[in-house]
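To start, the structure under review is shown below, and the notes come after it.
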Amino acid sequence: MIEVDHLSKRYGSVTAVDDVSFKVESGQILGFLGPNGAGKTTTMRIITGYMPATGGTARVAGFDIFEQPIEAKRRIGYLPETPPLYPDMTVREYLAFVARIKGVRQHVGDRVAEVMRKTQTADMADRHCGKLSKGYKQRVGLAQALIHNPEVLVLDEPTAGLDPRQIIEFRQIIRELAGSHTIVLSTHILPEVSQTCQRVVIINRGRVVAVDSPENLTRRLKGAATVLVHSDGPADQVEPLLVGVPGVARVGRGEPVATGASFEVETGQGLDLRRELAAAVVQQGFGLLELRPMRMSLEDIFLSVITDETQAVAPAGETADA
Amino acid sequence: MRNILAIAGKELRGYFASPIGYVLIGFFALLFGWFFYTLLAFFERQSMQMAGGPGGAMNVNQMLITPLLLNSTVVMLLVFPLITMRTYAEEKRSGTIELLLTAPITDFEIIMGKFLGALALFAGMLSVTLLHMGLLFFYGNPEWKPIATGYLGLLLMGGSFLSLGLFISSLTKNQIVAGMITFSVFLLLWVINWVSSFVSPETQTVINYLSVTEHFDDFSRGIVDTKHIVYYLSFIATGLFLTMKSVDSERWRG
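Just so you know, the sequences run in chain order A and B. Residue numbers for the first sequence, in the numbering used here: 1 to 322. Residue numbers for the second sequence, in the numbering used here: 1001 to 1254.
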């Protein structure tokens, strides 16, 4: 549905987006993850035809955004980081205007009522856009993106600035839209990705550093697994035992505990050393109170990917430029 | 065309959703009314004096309507920067430009829509003055043709100013900057022929041709010359073309 091919964007000597490629299948939700200033907004602006790329192509539903902008834009609904509302218009007037410029063929009033129902904004229909709360502004922004029933929705940080309850409601709306729409959403909030997206593109300093499903990303990094070991023995005696187990890469102190000490033991790629670690502790007469593998959260992956691009997660051919 | 009208309608509604439209029309009406009153009082006194003498009745078109229309062009000079300064600057500041530029419409349609919206507001301002003209027709016997050409001239001149103002507004995010530059450029075009007495005859011809007011004089006297129509229409086309180029280059720069 969306094909981004070797896209790059330079402003003078600054490269904002550097050789970015990815694909989104029809009906999927793709999460665009990266720190602030990574090039997420720029990439989205290129896909939506707001600005041209300096290199590469972006195709939406088979239409090149640069060659056939009108056809491509008919199939895209875009919610920018700040919802593009006219403060002096009422919600109804605003949506009717957007419907007209987006070429809605059916009766405009009906279509406006329909999207207001979908985004739960009908009770604000006659309020001026400038007087809405942040949560409602965001929903009207989404209604605006949906009005011409586009195949593709591009949402730039849709939950930024909302309160926790609004975030949950907004995610719910987005999940309901998936299936009938292909969605690209950007965020720098990690749980958002694992909760809503089927695929993740991690982008940093304009480059794609990883593309995969949230589960696969977690699994790929589990190669270098961490095991939590909690023993009741004194820390300075247990630590050398753990270090002595073949295959252990590093031993670090875990969180302080009431009795004994806990350790975070990093093992080499693909090794499961739980058995050996348990034996090492118990054979010396210490009690083993807890032993469990620590799953790496998306957050850890994100940080490790961002801080060190030479990590195993980087796709083949990706070189570090740190 | 549908898209152009949608944008024009939005622009026009935008003027009246805020006090801008009412203030512009209201105060234009106030100033025009004042000019009308003073010129009429002056005309009345002159006619009284002339009535006793030989010359016969005075020409209401020459004595009243022509100066009235010339006076209202001065108001346009002051008011138009206020109309155009927000057109693009405001969209850029509030981010709504992202909506327009990602909608399935062309830059030309957006620009034409904005231009026609502003022109419609100006037509609304002018329509108030039809009331005064009505009064003249009711009590007097003016010729309608010079009035019609006068209004045509005002619309053409207004269109020229608006297209230029639109272009200047597209260059900046800041309304005040847009307003000030627009006003200065308008004023320069207004007074550009002041130098004509010091320069060579060739330069004088060029400078007179550039002057916006020079081309209006004939319209206010009831003369429709293609030369002037071509001047104003090409002025408008140039303004709109420059706006398109400016919006396009803005896209590249991001």
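Using N, Cα and C, we set each Cβ at its ideal position, and we do this for glycine too. All of these numbers come straight from a predicted model, not from anything done at the bench.
{"Check": "Which partner residues does threonine 48 (chain A) have in the DSSP bridge list?", "Outcome": "According to DSSP, which records beta bridges pairwise, threonine 48 (chain A) is partnered with nothing at all."}
{"Check": "Under 8 Å, do valine 24 (chain A) and threonine 182 (chain A) count as touching if we go by C-beta distance?", "Outcome": "yes"}
{"Check": "Beta strand (DSSP E) containing valine 20 (chain A): first to last residue?", "Outcome": "14-24"}
{"Check": "Looking at the secondary structure, which residues open and close the alpha helix (DSSP H) in which glutamate 1091 (chain B) lies?", "Outcome": "1089-1094"}
{"Check": "In this structure, does DSSP put leucine 1154 (chain B) in helix, strand or coil?", "Outcome": "helix"}
{"Check": "Tell me which same chain residues have a C-beta within less than 8 Å of the C-beta of alanine 99 (chain A), skipping the five on either side of it?", "Outcome": "Val108, Arg111, Val112, Ile147 and His148"}
{"Check": "Return the bridge partner residues of glycine 1009 (chain B) from the DSSP annotation.", "Outcome": "According to DSSP, which records beta bridges pairwise, glycine 1009 (chain B) is partnered with nothing at all."}
{"Check": "Which of helix, strand or coil does DSSP assign to alanine 258 (chain A)?", "Outcome": "coil"}
{"Check": "Does any residue of chain B have a CB that is nearer than 8 Å to the CB of lysine 102 (chain A)?", "Outcome": "yes"}
{"Check": "So for arginine 199 (chain A), helix, strand or coil by DSSP?", "Outcome": "strand"}
{"Check": "Okay, do the stretch 76-93 of chain A and the stretch 150-165 of chain A touch, 3+ Cβ pairs below 8 Å being the bar?", "Outcome": "yes"}
{"Check": "As a quick exercise: from A:Ala278, A:Asp88, A:Val227 and A:Pro246, pick the residue whose alpha carbon is nearest that of arginine 253 (chain A).", "Outcome": "A:Val227"}
{"Check": "Residues in the same chain with beta-carbon distance under 7 Å from proline 214 (chain A), minus the five sequence neighbours each way, listed in chain order, please.", "Outcome": "Val193, Ser194, Cys197, Val200 and Leu298"}
{"Check": "Counting only beta-carbon atoms, is glutamate 318 (chain A) nearer than 8 Å to chain B?", "Outcome": "Residue placement at glutamate 318 (chain A) is poorly supported in this model, since its pLDDT is 39, which falls under 50; the coordinates are not used for a value here."}
{"Check": "Can you give me the C-alpha to C-alpha distance between phenylalanine 1122 (chain B) and isoleucine 1025 (chain B), rounded to a whole angstrom?", "Outcome": "8 Å"}
{"Check": "When you compare only the Cα positions, how much space is there between valine 209 (chain A) and alanine 1008 (chain B)?", "Outcome": "45 Å"}
{"Check": "To the nearest angstrom, how far is the alpha carbon of serine 258 (chain A) from that of glycine 287 (chain A)?", "Outcome": "Reading off the sequence shown, one finds alanine at residue 258 (chain A), where the question assumed serine. Approximately 14 Å between the Cα atoms of the pair."}
{"Check": "Which word fits valine 1191 (chain B), buried or exposed, when buried means at least 16 other C-beta atoms lie within 10 angstroms of its C-beta?", "Outcome": "exposed"}
{"Check": "Can you have a look at tyrosine 1231 (chain B) and say buried or exposed, based on whether 16 or more other CB atoms are within 10 angstroms of its CB?", "Outcome": "buried"}
{"Check": "Mind checking whether threonine 1102 (chain B) and glycine 56 (chain A) have CB atoms under 8 Å apart?", "Outcome": "no"}
{"Check": "Is the Cβ-Cβ distance between methionine 1 (chain A) and serine 26 (chain A) less than 8 Å?", "Outcome": "yes"}
{"Check": "Comparing the C-beta of arginine 74 (chain A) with each C-beta of chain B, is any distance below 8 Å?", "Outcome": "yes"}
{"Check": "Is it right to say methionine 124 (chain A) is buried, meaning 16 or more other beta carbons lie within 10 angstroms of its own, or is it exposed?", "Outcome": "buried"}
{"Check": "Indicate the three-state DSSP secondary structure (helix, strand or coil) for arginine 1253 (chain B) in the structure shown.", "Outcome": "helix"}
{"Check": "Find the residues of chain A that neighbour alanine 1285 (chain B), judging by a C-beta separation of less than 7 Å, and give them in chain order.", "Outcome": "The structure shown does not extend to residue 1285 (chain B), since chain B is modelled only from 1001 through 1254, so no value can be given for it."}
{"Check": "Please tell me whether leucine 1154 (chain B) and threonine 1084 (chain B) are closer than 8 Å, where the distance is taken between their beta carbons.", "Outcome": "no"}
{"Check": "Using a Cβ cut-off of 8 Å, pull out every chain B residue sitting near glycine 49 (chain A), in sequence order please.", "Outcome": "Leu1101 and Thr1102"}
{"Check": "How would you label glycine 1148 (chain B), buried or exposed, when you count the other beta carbons within 10 angstroms and need 16 or more for buried?", "Outcome": "The identity of residue 1148 (chain B) in the sequence shown is alanine, whereas the question assumes glycine. Alanine 1148 (chain B) is exposed by the Cβ-count criterion."}
{"Check": "Taking a contact to mean a Cβ-Cβ separation below 8 Å, would you say leucine 1189 (chain B) touches leucine 1162 (chain B) in this structure?", "Outcome": "no"}
{"Check": "Please report the straight-line C-alpha distance between glycine 233 (chain A) and histidine 188 (chain A), rounded to a whole angstrom.", "Outcome": "41 Å"}
{"Check": "Provide the residue(s) that pair with phenylalanine 1161 (chain B) in DSSP beta bridges, ordered along the chain.", "Outcome": "DSSP, once it has assigned bridges, lists no residue as partnering phenylalanine 1161 (chain B)."}
{"Check": "Going by C-alpha distance, which of B:Phe1186, B:Arg1221, B:Phe1198 and B:Thr1226 is nearest serine 1211 (chain B)?", "Outcome": "B:Phe1186"}
{"Check": "Mind checking whether phenylalanine 63 (chain A) and alanine 72 (chain A) have CB atoms under 8 Å apart?", "Outcome": "yes"}
{"Check": "Our contact map puts phenylalanine 1167 (chain B) next to leucine 1242 (chain B) with C-beta atoms below 8 Å; I'd like the distance itself, whole angstroms only.", "Outcome": "4 Å"}
{"Check": "Would the beta-carbon of histidine 6 (chain A) be found less than 7 Å away from any heavy atom of the ligand HEM?", "Outcome": "The ligand HEM is not among the ligands present in this structure, which contains no ligands whatsoever."}
{"Check": "With a threshold of 16 other CB atoms inside 10 Å of the CB of glutamine 374 (chain A), please say whether the residue is buried or exposed.", "Outcome": "Because chain A in this structure spans residues 1 to 322, residue 374 (chain A) falls outside the shown range and cannot be described."}
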